[in-house]
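Visitor: Taken in sequence, the protein lines are chains A and B. In this text, residue positions in the first sequence follow this note's numbering: the first is 1, and each later residue adds one. In this text, residue positions in the second sequence follow this note's numbering: the first is 1001, and each later residue adds one. This is the structure I have questions about; it appears just below.
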Amino acid sequence: MIIKARFSTLCALGLSALAMGCDGSSVQDSTGSAGSQHGSGANPNLSLPSYQYRPDGTGINNNVTAVGTTDLTVDYSLALRTAAIKLRGDLPTMAEIKRLSAAVKANLSDGSENDPSFVYRDIVKSFINDSPRFSRQMVVFWRNQLRMGGTLMGDLADLPLTAANKRTVSLETAPTLLGRLAAEGKDMRLAFTQTTNNCPMYNAATGVFTDGNCFTGAAVAGSNTATNMGNNIPEGQQAGVLTNPGFMAQYYSNFAFRRARLINEVFACTRYPAEYSSKPQVIGSALYSSPWPTNSVTNADQPPTYATPRRVQQMAQGVTLTTQTKEYVDFSLQAGCMGCHTSLNRRAPLFAAFDSVGFMNTANMWMVHSPVTDAPFSQIQDYLPAGNDTPAWKFGVPTPDLKSFGKAMADDTQVARCFMIRAWNDAYSRDDVVNDLALVPDSVIEEMTQYFIANNYNMKMAIEKLYTDPNFVRF
Amino acid sequence: MFKAMLRVLGVATLVGSAACLPTFDQPNAKNTVDSVSGPDSVTPATGDPAAVRPLTPAEQTTIWQMGGDPALLADRANNEGPITVSSQRHSCMKMKYDTMGRLLMGRGVAMGTLPVMANTTCPAPTGTLATTSQNAAYLYCDSRLTLGLPQYGARLSEATAITSGTGTKMMDLYATAASGIVNNAAFTTLTGPNCMVGGVGTVLFNGDNTCNADGISCLQGYQASADQVALCSRIVTQADVTGGSDIVTSGKRLAVAVILASTQMCE
Chain A
1 MIIKARFSTL CALGLSALAM GCDGSSVQDS TGSAGSQHGS GANPNLSLPS YQYRPDGTGI
61 NNNVTAVGTT DLTVDYSLAL RTAAIKLRGD LPTMAEIKRL SAAVKANLSD GSENDPSFVY
121 RDIVKSFIND SPRFSRQMVV FWRNQLRMGG TLMGDLADLP LTAANKRTVS LETAPTLLGR
181 LAAEGKDMRL AFTQTTNNCP MYNAATGVFT DGNCFTGAAV AGSNTATNMG NNIPEGQQAG
241 VLTNPGFMAQ YYSNFAFRRA RLINEVFACT RYPAEYSSKP QVIGSALYSS PWPTNSVTNA
301 DQPPTYATPR RVQQMAQGVT LTTQTKEYVD FSLQAGCMGC HTSLNRRAPL FAAFDSVGFM
361 NTANMWMVHS PVTDAPFSQI QDYLPAGNDT PAWKFGVPTP DLKSFGKAMA DDTQVARCFM
421 IRAWNDAYSR DDVVNDLALV PDSVIEEMTQ YFIANNYNMK MAIEKLYTDP NFVRF
Chain B
1001 MFKAMLRVLG VATLVGSAAC LPTFDQPNAK NTVDSVSGPD SVTPATGDPA AVRPLTPAEQ
1061 TTIWQMGGDP ALLADRANNE GPITVSSQRH SCMKMKYDTM GRLLMGRGVA MGTLPVMANT
1121 TCPAPTGTLA TTSQNAAYLY CDSRLTLGLP QYGARLSEAT AITSGTGTKM MDLYATAASG
1181 IVNNAAFTTL TGPNCMVGGV GTVLFNGDNT CNADGISCLQ GYQASADQVA LCSRIVTQAD
1241 VTGGSDIVTS GKRLAVAVIL ASTQMCE
């Protein structure tokens, strides 16, 4: 009895990973549960007034009960306001408000101007097809998801830290790339697989996108402080936003961990740990839940070796420094590091050759530092032991280069789901799925995800479905 | 012998007291949530979803894997209901800074050049700042950080929550805009571009100084209810007089400010 009650307590706290078998059943994948109910306009767990969703496209009948009860939760007018703000960046016009109001008063279901569902959908479609303003909203949406905008000035390559070696980089091209894909109804997987034209620009005044290449051709020696650096990766070898110089610059850090972390948080919608084993183990005081073998990252049991001296950032012109330090970061199993770092240490090395302005060193000279004495530039043995040092997106998905990494992300259903979660949270005015834990369960988002995938990852179509869903017009 | 008896008595006492210790047994799962008492309690309105249920194991797994702090999630679930319900309901996201500027301009307020960015030079203030009221364009530009201009340089997105500082400044902005939003001589009609239908402005105040539903609808962006119209009319007639103005004009400005502040905080 007490044991069962304690399992229930764990279940109530969401600890079903520990309390296996809550309610007499085993933990199982939540994918697909109740998804079809949502699509039919019904929320499986809501006790709402009676209503009926008619799948012929004429919307919700407000008078389905015997006594003609109106479903008070349906408010097309309020939904139009929210949709206009999100999709057009402004309130509805008086003409739109009047048009919808007249239809609500008539309350027919005949697909005419007297049908509120028809009129609402028609106006929402006009928002989405209002290309200058919808494009602007998509760029703004991705600016906020990526937390990027404006420009950034940083230090170029491993050159001495002097004013002459500062360079700027645009933080607009990454959100513009994603915003353009969304606004133009392109395959959103191109965000990770597009090999050229990955630095488009957006004219806010005209609402027009223009092509742009991330590879400027500027050599390190030939650039100057006025040069807006590119990524130094030739067209055809790029991987969408993953090789965007602004994205790399904005999230520059030791070990390139901030880049790898953001990629998971923004595009997979989860914090680290990024992967889970079906059989977590309690080791010491920590829960080891990674599918990777223990000791598959650098740690004290298999310390790295270095060819000394190690490269160190030159602090001033003409002063070349090296270090003899043998120190390394111990990604300890007992301390609980490996749960995240088995994934993180296999992703970050792919981004370690980009410097603080997102310019890649193509001679495999890494431009991020190890946080040990003298802060030497990192090397592969800082992350992974010799013989087991192939980067990977996930366990069983090796990705030796950036293009294969982008392909693996594009093939991951969780990434598709994450696009929909971010669109959903924005539509419903919710907070960030990762930073603020505004979670959307699989059972809620699965139908949108399947629709997104079935329509060739077209975010524009998915957004139209989202804003015209019967659930969206209910408050 | 006496010591042995004391030992037995001590053991019995410990066992007995242990039996009285509180346990972690939980009540059986229920289909409804008990009413919350105290100052935070809210009586559900008719039509509100009342029923919640324990999370299924599948949902718990999702939350655990996607979330993090189970105490935080449990607290949120207690307040908001199961995540399958709360995730499908509209929330309140702070009106974006750029949207605020556009909506005021579209309703007829002179906002200067938009969009305002971090490096935009704001219009010069009128008179002495400490003693002279400023127009909406100045307030909107000068208060850009408080109003939520995103700080991408700090790797931050635009805030989605309304802080007390942001909320207060938004109300200041809307109060300031109220003087310029009805800009015809008779102070009756909204002539901003988004309030024009067929070249004709939308009447906000009728000839008898009562409020007009269409005007309120245009200000708030959705159809006004009869209650809103009645409340608006009441504000017009019950406002205090400010210097250089009559009671009705002050009331009208106050009504506009109240409508904007009460409807344009959230998206």
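We treat Cβ as the ideally placed atom computed from N, Cα and C, and that holds for glycine. Fair warning: this is a prediction, and the values are worked out from it, not measured in the lab.
1. Just list the residues that DSSP pairs R167 (chain A) with in beta bridges.
2. Nearest to V124 (chain A) by CA position, among A:T294, A:R99, A:R259, A:R347, is which residue?
3. If I measure Cβ to Cβ from I128 (chain A) and keep anything under 7 Å in the same chain, skipping five residues before and after, which residues do I get?
4. Could you pull out every residue in the same chain whose Cβ sits closer than 6 Å to the Cβ of R143 (chain A), ignoring the five residues on either side in sequence?
5. On the CB-based measure, 16 or more other CB atoms within 10 Å of its CB, does V208 (chain A) come out buried or exposed?
6. With DSSP as the reference, please indicate the residues paired to K1094 (chain B) in a beta bridge.
7. In chain B, which residues lie with their C-beta within 9 Å of the C-beta of T93 (chain A)?
8. Quick one: does Q1223 (chain B) have its CB under 9 Å from some CB of chain A?
9. Can you give me, in chain order, the residues of the stretch 1144–1160 of chain B that have a beta carbon less than 8 Å from any beta carbon in chain A?
10. Less than 6 Å between C-beta atoms, sequence neighbours within five positions excluded: which residues of the same chain meet that for T1210 (chain B)?
11. Across the stretch 151–168 of chain A and the stretch 228–238 of chain A, are there enough close Cβ pairs to call them in contact, namely three or more that are closer than 8 Å?
12. So the beta strand (DSSP E) A95 (chain A) belongs to, where does it begin and stop?
13. So, using beta-carbon positions, are P200 (chain A) and P304 (chain A) closer together than 9 Å?
14. Along chain B, in chain order, which residues have C-beta atoms closer than 7 Å to that of Q250 (chain A)?
15. In the DSSP assignment, find the unbroken beta strand (DSSP E) run with A392 (chain A) in it and report its ends.
16. Does chain B have any CB closer than 9 Å to the CB of W424 (chain A)?
17. For L1103 (chain B) and chain A, any beta-carbon pair shorter than 9 Å?
18. Three-state secondary structure (DSSP) at L402 (chain A)?
19. Below 9 Å between beta carbons: does that hold for R259 (chain A) and Y251 (chain A)?
20. Looking at the C-beta of A260 (chain A), does it have a partner C-beta in chain B at a distance below 9 Å?
21. Please name the residues in the stretch 426–455 of chain A whose beta-carbon is closer than 9 Å to at least one beta-carbon of chain B, in chain order.
22. For M1170 (chain B), would you say it is in contact with chain A, using Cβ-to-Cβ distances shorter than 9 Å as the test?
23. Output yes if chain A places a C-beta closer than 9 Å to the C-beta of A1177 (chain B); else output no.
24. Beta-carbon of S1091 (chain B) versus every beta-carbon of chain A: anything under 9 Å?
25. How many angstroms separate the CA atom of M482 (chain A) from the CA atom of A79 (chain A)?
26. Could you say if the stretch 1111–1128 of chain B and the stretch 1197–1205 of chain B meet the contact criterion of at least three C-beta pairs nearer than 8 Å?
27. If the cut-off is 9 Å on Cβ atoms, which residues from the stretch 1123–1134 of chain B count as contacting chain A, listed in chain order?
28. Let me know if P441 (chain A) comes out buried or exposed under the rule of 16 or more other beta-carbons within 10 Å of its beta-carbon.
29. Name, in chain order, the residues that DSSP records as bridge partners for N458 (chain A).
30. Please work out which residues of its chain come closer than 7 Å, Cβ to Cβ, to A1230 (chain B), disregarding the five sequence neighbours upstream and downstream, and give them in chain order.
31. From this set, A:V104, A:Q145, A:I97, A:E96, which residue's C-alpha is nearest F419 (chain A)'s C-alpha?
32. Can you pull the chain B residues whose beta carbon is under 8 Å from the beta carbon of T82 (chain A), in chain order?
33. Within 8 Å, do at least three Cβ pairs link the stretch 424–441 of chain A to the stretch 393–406 of chain A?
34. Check whether the stretch 333–340 of chain A touches the stretch 275–287 of chain A, counting contact only when three or more Cβ pairs, one atom from each stretch, lie closer than 8 Å.
35. So which residues of chain A does T1163 (chain B) contact, with C-beta pairs closer than 7 Å?
36. To the nearest angstrom, report how far apart I85 (chain A) and G1101 (chain B) are at their CA atoms.
Guide: Let me lay it out:
1. A:G154
2. A:R99
3. L87, F134, K460, I463, E464
4. G149, P175
5. exposed
6. B:C1266
7. G1106, P1193, N1194, C1195, M1196, V1197, C1218
8. yes
9. P1150, Y1152, G1153, R1155, L1156, S1157, E1158, T1160
10. S1233
11. yes
12. It is not in any beta strand (DSSP E) - A95 (chain A) instead sits in the alpha helix (DSSP H) that spans 94–106.
13. no
14. R1155
15. 392–394
16. yes
17. yes
18. helix
19. yes
20. no
21. D426, A427, Y428, S429, R430, D431, D432, V433, V434, N435, D436, L437, A438, L439, V440, P441, D442, S443, V444, I445
22. no
23. no
24. yes
25. This structure gives no information on residue 482 (chain A), because the portion of chain A shown stretches from 1 to 475.
26. no
27. none
28. buried
29. A:D187
30. none
31. A:Q145
32. H1090, E1267
33. no
34. yes
35. Correct list: empty, because the minimum Cβ distance to chain A is about 14 Å.
36. 12 Å
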